[in-house]
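Residue numbers (our numbering), protein chains in the order written: chain U, 243 to 640; chain L, 5 to 309; chain D, 55 to 354. Positions of the beta carbon are idealized from the N, C-alpha and C atoms, including for glycine. Nothing here was measured: the structure is a model prediction, and the numbers come from that model. Reviewing the structure listed below.
Structure (structure tokens):
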């Protein structure tokens, strides 16, 4: 009996080993290896698949245009499961087995913070869309690039816009996120500059199904603008509740929360008038146009725009360096994303120019893509949109 | 590749520790605990708070404190749930782990909230190459696993362990036989929780980062799967089961990547489906696990039909 | 402070009742299955999600109005619940009298993850919504406070109440219903009386998961539909069932109200972010005094 079981256990172990083989075989072609770790299951599920698709779109575009310096890009994708525990194992696999030089598209701040040490220890570049301010403050030695604006940039831009809209009394309804507190602090500090004030913030439990009383708490403070600082599933509920409560004042949410998906799932009268804001791409940008076609929507999610840029930045940095290590990307990413070079908005165009020995300055689907030394985006234009008839209309870019 | 295998072995060891903890509670004493991850979180947070956030205790002291605090948490949960039978216990323990997560998310001053705690120290981390640290830690976890395993074996073969099994098989008969059932149950729960918290602390020091989102019920399911696959009641089963679960979870990555024509989200769905299906299949076709518990030296009469 | 309290209290109670009536249906489904099969069928989470999606397909893809869509939201999870129990969970319950129910409970946890991923495989993660208008709330002036009540929520609550009434009528007055209660009360006695426990067990799974599905669609009406719709509510559903007394259908209704209103009232003293914890505090308080829930286990 024990004998048989040992054999069985051994067989289970051996059964795994041939499965590991294909990755090794593929290595003979020596493509450039890049990894993605978007959330495909769990709370980030509504965003991850489109983010992944945007990444794949860039890789496909690059490969069909002849690759980078004659090499194909091979994309290795894993699911972060929106869970740092699962993400750490997935990142280990990407780094140690697939030997990727960059991991792109981490979404949850906890996932990004969990895999960040693995990345900088193994000299792997990490491109993220996470919003927690603490991420770029990690001792990452340049291995992190974050395309999502930090609280200071994001919220100062919001305050400026709210001021221009004549908002005087702001109330925040926020999900419990790593940036909820810092967002509040920045808004509290910034609003007075524009003659307004932050009344208060209610942090809600985003896994709840009803937020009637939370909305009542907000309305009792008599605000003229409500800032919904959450994600699509909970902001859907909040918008519906605000409509039911007869709210006619202003409402604003990040562009990743009020996206096309949300607008499609709610009646237009519920979402009409809601504002969104996000770092702005060049609307005529070919990268943005390609994303629109690829994702089949007029208004690609800001996160998808950002992962589009992750892959583009990685490919361009590799082309610039002529090498495909994490270090090469780290040292060259700012050389192709900012500076005096020729302005490009599409990765293949950039690759051509780089091949011709020219300097470039990439601005992507998510905005200018100019980064500080710690990996945050420098100030850049934001696009403010307003929902009207289940579509987002650009109000202004500034 | 080696680095990856070493890291997965560390995870398997940590899961193995937790499976041993669950085995004391569930396998030996028969109390269901679907809140295991809550004790893991208590352990991980205790050690992290003491070694980096609120104090700079040495790692060993943090881990020791974590073991004690999670043991106390276990005793506390056991006391308040003492009168509940199986199904109630399942739901209450599940709720306990969610409450732990909610507190960790919201008591920002104390736990740093959803931002989590980063830069948790690990022995020699930063002084040796990452691959060496990985290997060192594997040695440490293997040692911890060995010690806890031997202790659990001792517990199982001791008169104390026999009382626990008697409680599992029929607590009323055991009570009639004059054993303080309540005390034994509380102690067993506390011991299991302490082992789990110990594993949680080691987990935090290995990953250098913990956050509330990392302590979701899914981990409890992995541990239950490990123990069930290995053999409920058997310490060898707990350890081997944990290794198999990690091997299977990782193996599915390579299998699903080969399925053609699926969108990324479908691949991810298939992978989670496979892990769930495995648990169901094991329960169905190997209800006693791959290493069924065989009754040690002094067999007690089997009361189950 | 007191004026503040008086002003807020009526609205909080109304909101709590609204939450409670919607929670009640899945809680009844969960508890009814427990009453007959004697194990917690944790697939409630994914069957609620399934109900939301079934209703979505009926309403948006086939253009059916709400009521027929609700029927679809009953039927699909009902059949799935039956099939899952018949082929996955029942064989496990039989493995041994002592460990069987626990094995089935654990398998149900795994099964709910499996089903969630089947749904994800078919529909993806994208957010969906029903093709239904949203109405402004009615407002009432109570003199000392304003009260707002949503027509849709009243409708949902009414649907929930009608379904509950139908269930109670079924259990109280039909032969099959009486058989179900007999098995729930005393399986041994029921089998001596010649009641086929198998049939009753199947009916319990069918009706129970059907109710969970309807509850899932009602949840979806107020929230959004994605593969985690059911999961978000499920802890509260369990809390409701346990507070009321596992296996007691009126208990599930009472439990849902206690948890629903309790969560709302907690806002007076606690941050909204602690809501989920309130359900479990309610469990601990109730179980401390009544270890088998408010109404005990076998009260129909």
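Query                                                                                                                                                                                                         : Result
Which residues does DSSP list as the beta-bridge partners of residue 284 (chain L)?                                                                                                                           : Paired residue(s): none; residue 284 (chain L) is not in a bridge.
Using the C-alpha atoms, what's the distance from residue 451 (chain U) back to residue 314 (chain D)?                                                                                                        : 11 Å
In three-state terms, what does DSSP make of residue 410 (chain U)?                                                                                                                                           : coil
Where does residue 212 (chain L) fall in DSSP's three states?                                                                                                                                                 : coil
Please report the residue range of the beta strand (DSSP E) in which residue 639 (chain U) lies.                                                                                                              : 633-639
With C-beta atoms as the reference, is residue 629 (chain U) less than 9 Å away from residue 506 (chain U)?                                                                                                   : no
Is the CB of residue 269 (chain U) under 9 Å away from at least one CB in chain D?                                                                                                                            : Since pLDDT at residue 269 (chain U) reaches only 40, below the 50 mark, its modelled position is unreliable, and the value read off the structure follows with that caveat. No, no contact with chain D.
To the nearest angstrom, how far is it from the Cα of residue 412 (chain U) to the Cα of residue 402 (chain U)?                                                                                               : 13 Å
Can you list the residues of chain A that residue 465 (chain U) reaches, using a CB-CB cut of under 7 Å?                                                                                                      : Note that chain A does not occur in the displayed structure, where the protein chains are U, L and D.
What are the residues that DSSP puts in a beta bridge with residue 496 (chain U)?                                                                                                                             : U:519
Please report the straight-line C-alpha distance between residue 104 (chain D) and residue 562 (chain U), rounded to a whole angstrom.                                                                        : 50 Å
On a CA-only basis, which of L:272, L:62 and L:252 is nearest residue 283 (chain L)? Give me that one, please.                                                                                                : L:252
Would you say residue 60 (chain D) and residue 224 (chain D) are within 9 Å of each other, going by their C-beta atoms?                                                                                       : no
Along chain U, which residues have their Cβ under 7 Å away from the Cβ of residue 15 (chain L)?                                                                                                               : 331
Starting from the C-beta of residue 207 (chain D), find all residues in its chain whose C-beta is less than 6 Å away, skip the five residues before and the five after it, and write them out in chain order. : 72
Which chain L residues are close to residue 536 (chain U), counting only those with a beta carbon under 9 Å from its beta carbon?                                                                             : Simply none; closest approach about 13 Å.
Looking at the C-beta of residue 281 (chain D), does it have a partner C-beta in chain U at a distance below 9 Å?                                                                                             : yes
Considering only residues of the same chain and omitting the five flanking positions on each side of residue 289 (chain L), which have a CB-CB separation below 7 Å?                                          : none
Residue 340 (chain U) by DSSP, collapsed to three states: which one?                                                                                                                                          : coil
Assuming residue 274 (chain D) contacts residue 109 (chain D) under a Cβ cut-off of 8 Å, what Cβ separation, rounded to an integer in Å, is found between them?                                               : 6 Å
I want to know whether the region 127-137 of chain D touches the region 263-278 of chain D - three or more CB-CB distances under 8 Å.                                                                         : yes
Does residue 451 (chain U) get closer than 9 Å to chain D when you measure Cβ to Cβ?                                                                                                                          : yes
Quick one: is residue 193 (chain D) buried, meaning 16 or more other Cβ sit within 10 Å of its Cβ, or exposed?                                                                                                : exposed
In chain L, which residues lie less than 8 Å from residue 292 (chain D) when you measure between Cβ atoms?                                                                                                    : 95, 98 and 99
Tell me where the alpha helix (DSSP H) around residue 466 (chain U) begins and ends.                                                                                                                          : Run containing residue 466 (chain U): none; DSSP gives neither H nor E here.
If I'm right that residue 33 (chain L) touches residue 171 (chain L) with Cβ under 8 Å, what's the distance once you round it to whole angstroms?                                                             : 6 Å
Grab me the residues of residue 324 (chain U)'s own chain with a C-beta within less than 6 Å of its C-beta, minus the 5 sequence neighbours each way, in chain order.                                         : 281, 284, 285, 286 and 350
Suppose you measure from the CA of residue 210 (chain D) to the CA of residue 407 (chain U); what does that come to, to the nearest Å?                                                                        : 38 Å
For residue 319 (chain U) and residue 268 (chain L), what's the separation of their Cα atoms in angstroms?                                                                                                    : 8 Å
Residue 494 (chain U) and residue 368 (chain U) - do their beta-carbons sit closer together than 9 Å?                                                                                                         : no
Between the C-alpha atoms of residue 353 (chain U) and residue 123 (chain L), what's the straight-line distance to the nearest angstrom?                                                                      : 14 Å
Spell out a yes or no on whether the region 357-373 of chain U and the region 579-591 of chain U are touching, meaning 3 or more CB-CB pairs, one atom from each, closer than 8 Å.                            : no
What are the residues of the region 130-155 of chain L that lie near chain U, defined by any Cβ-Cβ distance shorter than 7 Å?                                                                                 : 134
Can you look up residue 88 (chain D) in the DSSP assignment and give me helix, strand or coil?                                                                                                                : helix
Would you give the residue range spanned by the beta strand (DSSP E) that residue 193 (chain D) belongs to?                                                                                                   : 192-195
Within the same chain, show all residues whose beta-carbon is closer than 8 Å to that of residue 393 (chain U), passing over the 5 residues directly before and after it, in chain order.                     : 373, 375, 421, 424, 425, 427 and 428
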